[in-house]
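First the structure, in the form of structure tokens, and then the observations on it.
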Amino acid sequence: MKKIREKFKSLVLLALTALLVLIPLGCDTSSLISSANKANSQTQASISVSEDGIYDSKDEVALYIHIYNKLPSNYITKDEAKKLGWSGGSVEKYKENCCIGGSTFSNNEGLLPSKSGRTYKECDIDTLGKSNRGAKRIVYSNDGLIYYTEDHYESFTLLYGEE
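Numbering follows full-length UniProt numbering, with no gaps: position 5 of the sequence shown is 5.
Okay, here's the thing in structure tokens:
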């Protein structure tokens with residue numbers, strides 16, 4: 001009787017082990033990926049922008065460019081800022097609630113995809129209320145690509161568009 005009990009325990013342990021190994025292998029992960037994508041879409045959907053708004057956060061500015069195909073009105077180019085007396089640092093000393101953006105980004109290092117006719121522009125991110133321009137930028141193309149860099153052009157994350 002003792003041998004039968006031992007064999008039964010062994011069989012139960014073997015069956016449980018098999019279940020623990022085989023169930024995850026047969027699990028459909030597409031539902032997990034779909035859930036993650038749905039959560040990301042809901043996060044993006046919770047952000048809204050209006051054409052006359054003032055924005056400088058990554059998500060808001062990227063969405064604004066994606067929807068309106070231009071920078072928010074609180075962005076001025078370096079040349080416009082220089083006409084106001086700006087020579088570097090925060091432009092808000094010269095124009096309230098303003099950020100630097102709209103200058104050409106030349107992609108000299110070739111980190112972003114190139115294509116005939118494609119041009120890039122850039123804008124500062126998270127600078128309102130700060131004393132300097134920091135390292136965060138959005139770089140966007142004339143054909144819908146919108147990238148974010150938080151390390152001053154060392155690396156990029158695609159936010160909108162398809163390469």
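By construction, the Cβ of each residue, glycine as well, lies at the ideal position given by its N, Cα and C atoms.
Query, Result
"Are there three or more Cβ pairs, one per stretch, closer than 8 Å when the stretch 102-119 is compared with the stretch 145-155?", "yes"
"Assuming I146 contacts L128 under a Cβ cut-off of 8 Å, what Cβ separation, rounded to an integer in Å, is found between them?", "Going by Cβ atoms, the distance from I146 to L128 rounds to 20 Å, so no, they are not a contact pair."
"Taking all protein chains shown into account, do 16 or more other C-beta atoms lie within 10 angstroms of the C-beta of N37, making it buried, or fewer, making it exposed?", "Because the pLDDT of N37 is 35, which lies under 50, any placement of that residue in the model is unreliable, and the question is left without a value."
"Any idea what DSSP makes of D124, helix, strand or coil?", "strand"
"By DSSP, does L112 sit in helix, in strand, or in coil?", "coil"
"By a C-beta neighbour count over all protein chains shown, 10 Å radius and 16 as the cutoff for buried, is K58 buried or exposed?", "buried"
"Leaving out five residues before and five after residue 172 in sequence, what residues of the same chain have Cβ atoms less than 7 Å from its Cβ?", "Past the edges of the chain, shown from 1 to 163, lies residue 172, and the structure says nothing about it."
"Could you tell me if I67 is buried or exposed, where buried requires 16 or more neighbouring beta carbons within 10 angstroms of its beta carbon?", "exposed"
"May I have the straight-line CA-CA distance separating D124 from T104, to the nearest angstrom?", "13 Å"
"Do you know whose CA, among S131, G134, G53 and L71, lies nearest Y140's CA?", "L71"
"Exposed or buried, which one is T157 when buried takes at least 16 other CB atoms within 10 Å?", "exposed"
"For A39, which of helix, strand or coil comes out of DSSP?", "Only weak support exists for where A39 lies, its pLDDT of 38 falling under 50; the value from the coordinates is given anyway. A39 falls in the helix class under three-state DSSP."
"Determine the contact status of G89 and N132, defining contact as a CB-CB distance below 8 Å.", "yes"
"Starting from V61, trace the beta strand (DSSP E) both ways and give me its first and last residue.", "That residue, V61, is in no beta strand (DSSP E); its alpha helix (DSSP H) goes K58 to Y68."
"With a Cβ-Cβ cutoff of 8 Å, do A62 and Y148 count as a contact?", "yes"
"Taking the alpha-carbon positions, what's the residue 178 to G53 distance?", "Nothing in the structure corresponds to residue 178, since the chain is present only between 1 and 163."
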